[in-house]
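What follows is a short report on a single structure.
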Amino acid sequence: MPYVIGAECIDTTDMSCVEECPVDCIYEGDRKLYINPKECIDCGACEPVCPVEAIAQDRRVTDENEPHIADNRRFFVELLPGRDAPLGSPGGASKVGRIGVDTELVAEGS
Numbered sequence: 001m002p003y004v005i006g007a008e009c010i011d012t013t014d015m016s017c018v019e020e021c022p023v024d025c026i027y028e029g030d031r032k033l034y035i036n037p038k039e040c041i042d043c044g045a046c047e048p049v050c051p052v053e054a055i056a057q058d059r060r061v062t063d064e065n066e067p068h069i070a071d072n073r074r075f076f077v078e079l080l081p082g083r084d085a086p087l088g089s090p091g092g093a094s095k096v097g098r099i100g101v102d103t104e105l106v107a108e109g110s
């Protein structure tokens with residue numbers, strides 16, 4: 001996964017990164033945004049526009065945000081509460097709109 005959105009995004013979801021993303025790979029949960037690792041092209045356009053500095057390459061996350069590497073992947077591959085199937089790789093966030101649920105890590109307030 002090239003880029004990861006960390007804990008700083010929880011309850012902040014500014015959406016500047018979504019507007020900058022050329023491939024529409026940033027999805028909206030309930031309390032946080034998530035980057036789809038299969039759709040991200042590792043361009044880095046999202047990182048400098050985040051006002052809370054929540055976005056980093058997976059190789060450069062802080063120790064505090066290390067759990068968010070796997071958690072960002074979980075958002076797409078595991079069954080989320082209230083959903084019938086994993087989100088997977090739908091080919092763009094705008095196609096599915098706001099998901100409205102989060103992974104357990106985020107929903108618990110981490």
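Every letter in the sequence shown is one number past the one before it in the UniProt record's numbering, and letter 69, counting from 1, is 69.
Glycine included, each C-beta is placed from N, C-alpha and C at the ideal position.
Owing to the predicted nature of the structure, the values given are computational and were not obtained by experimental measurement.
Check, Outcome
"Does R73 pass the burial test, meaning 16 or more other C-beta atoms within 10 Å, or should it be called exposed?", "buried"
"With distances taken from CA atoms, which of D63, I35, D102 is nearest P81?", "D102"
"Using CA atoms only, rank isn't needed, just tell me which of A56, F75, G44, S89 is closest to V4.", "A56"
"Just checking, does the stretch 46-54 make contact with the stretch 15-22 on the three C-beta pairs under 8 Å criterion?", "yes"
"Under 7 Å between the Cβ atoms of A93 and I41?", "no"
"Using DSSP bridges, identify the partner residues of V4.", "A56"
"Do you know offhand how far A70's Cα is from A7's?", "13 Å"
"Tell me the DSSP secondary structure of I69 in three-state form.", "helix"
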